[in-house]
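To start, the structure itself, in structure tokens.
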Amino acid sequence: MLNPVFSIAHLREMIPVFYNVMYKLLETLQKEAKNGPTEIDLLEWMSRAALELIGQGGLGYSFDPLTSKAVPHPYITAIKGIGPAGMKIFLPARYLLPHLVKIGTPRMRGIIAKWIPWQPLHDAHDISYVLHNVSVDIFESKKRALSEGDEAVAKQVGQGKDLLSILIRENMKASSADRLPEEEVLGQMSKKLTPPLVLGRCRTFIFAATDTTSSALSRIFHLLVLHPDVQDKLRSELETARDEVGGRDLTYDELVGLPYLDAICRETLRLHPPVTRVSRCTTQDVMLSLSKPIKGIDGQEIPAVAVPKNTTVTIGIMACNRDPEIWGPDAEEWRPERWLEPLPESVARAHLPGVYSNLMTFIGGSRACIGFKFSQLEMKVVLSLLIPKFTFSPSKQEIFWRMGGIAQPTVGSHSNPNAQLPIIMELIQ
17 MLNPVFSIAH
27 LREMIPVFYN
37 VMYKLLETLQ
47 KEAKNGPTEI
57 DLLEWMSRAA
67 LELIGQGGLG
77 YSFDPLTSKA
87 VPHPYITAIK
97 GIGPAGMKIF
107 LPARYLLPHL
117 VKIGTPRMRG
127 IIAKWIPWQP
137 LHDAHDISYV
147 LHNVSVDIFE
157 SKKRALSEGD
167 EAVAKQVGQG
177 KDLLSILIRE
187 NMKASSADRL
197 PEEEVLGQMS
207 KKLTPPLVLG
217 RCRTFIFAAT
227 DTTSSALSRI
237 FHLLVLHPDV
247 QDKLRSELET
257 ARDEVGGRDL
267 TYDELVGLPY
277 LDAICRETLR
287 LHPPVTRVSR
297 CTTQDVMLSL
307 SKPIKGIDGQ
317 EIPAVAVPKN
327 TTVTIGIMAC
337 NRDPEIWGPD
347 AEEWRPERWL
357 EPLPESVARA
367 HLPGVYSNLM
377 TFIGGSRACI
387 GFKFSQLEMK
397 VVLSLLIPKF
407 TFSPSKQEIF
417 WRMGGIAQPT
427 VGSHSNPNAQ
437 LPIIMELIQ
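When we follow the numbering used here, the leftmost residue of the sequence shown carries the number 17, and every step to the right adds one.
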């Protein structure tokens, strides 16, 4: 049901929504830099922009006006609280929740959660209900607009071109056998589960799209700061492309067809995937083939390893993307030009199952990230509008990247818990 929602045809219709969001951010940043070079926390702006892009493009809903003094929407506050709350209840949740979810009704479990004298559990409970209640409001608003006809849809944010509206329409047209229950459609927005189980499962639609996209964009800007020659070359490509179409916004096909912009995105996602590893649990006994045999203690070569059912297997995304036997001796080097020339034959021989560009960044198989083209489009729209308008240069503060669940920049040391990316921004006159 979700795969058609992320089709290229729908993304072509969605690109004006992305431009509208980014012009709001562009206006705000131009005001910030009007008096000369200024230091901004680029991570904060990329996080806010990524959420607003998925809000308008994914849900047809605006969470953030993208102004300097905007009051955070409750949904934004709840999203920011997921990580800290999840860490505090991680161990009890992992071992107890599979049993607790079988007790009574969701309402009863919510009452029990509030009754237990443990503040982290209360925080998790409150977060899950904020997420659920906002999701219900958005969902019901979409249903009403679709039932009232085109005029009502046209008045909504996104004008019915957002993914949720498309999903609801596709679901309405589906046969009774294929149609999703409304609760499951709603679950694609917030993964409405028994609180606080939502903390461990909110990885579709908003959460995955916001954190990973903002991380990837922040990484690209940081690399462009460290490589001003690449930044200048990208700016030249973007300015030339706009001049060739009379200064208007680039269409989907024009934007994705820019080779250097695409090379920068691919190379960054290869060398610095936002999620460096993922875990999967085997559903049956399997033989895991090895890329090359290993020798056992008896000297015999072992071409495969037996993996029993219910075994957690960790997949090293970054390790695979940086393997010199696949990518060559410069595998650890950020070199966008590698995508403008033939890739090593070893890349094709590796037969990597990733859905994106011979990389494991978006995983592969039935559990692959189906929104990777959506994310790519977000990144390219952001870069296409900001790079021609500003020059970005290093701050005096040293940047470190914390490699946790999702890579995040910080200053001073890897142990600094406050994620931020200070960068000097200067308006191009």
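Note that beta-carbon positions come from the ideal geometry of N, C-alpha and C, so glycine has one too.
Going by DSSP, Ala423 is part of no alpha helix (DSSP H) at all; its letter is neither H nor E. Restricting attention to alpha helix (DSSP H) runs no shorter than 4 residues, the region 48 to 102 encloses them at 58 to 70, ordered along the chain. Taking the CA atoms as reference points, Lys159 sits about 8 Å from Ile184.
Secondary structure note for Phe390: it is in no beta strand (DSSP E), and the uninterrupted alpha helix (DSSP H) holding it is 388 to 402.
Cβ atoms of Leu41 and Ala65 come within 8 Å of each other, at about 5 Å. Out of Pro345, Gly332, Gly420, Tyr35, the CA that lies nearest to the CA of Gly380 is found in Gly332.
DSSP places Ala322 in the strand class (E or B) of the three-state scheme. The beta carbons of Ala320 and Met334 sit no closer together than 8 Å. Counting along the chain, the unbroken beta strand (DSSP E) around Leu375 starts and ends at 375 to 380.
Annotated three-state conformation of Lys118 is coil, per DSSP. With respect to the 8 Å criterion, Glu394 and Thr284 are not classified as neighbours on the basis of their beta carbons.
No Cβ-Cβ contact shorter than 8 Å links Pro404 with Val246. Secondary structure note for Ser409: its beta strand (DSSP E) is the uninterrupted segment 406 to 410. When only Cα atoms are considered, Arg338 and Leu356 end up about 18 Å apart.
Contact holds between the region 47 to 56 and the region 434 to 444, because three or more Cβ pairs, one in each stretch, are under 8 Å apart.
Around Val398, the same chain offers Met38, Ala65, Leu233 as residues with beta carbons nearer than 7 Å, after the five sequence neighbours per side are excluded. Residue pairing by DSSP places Glu442 opposite Thr407 in a beta bridge. Excluding residues up to 5 positions away in sequence, nothing lies with its Cβ nearer than 6 Å to the Cβ of Ser163 in the same chain.
Around the CB of Pro290, 16 or more other CB atoms lie within 10 Å, so the residue is classed as buried. Per DSSP, Val152 has no beta-bridge partner at all.
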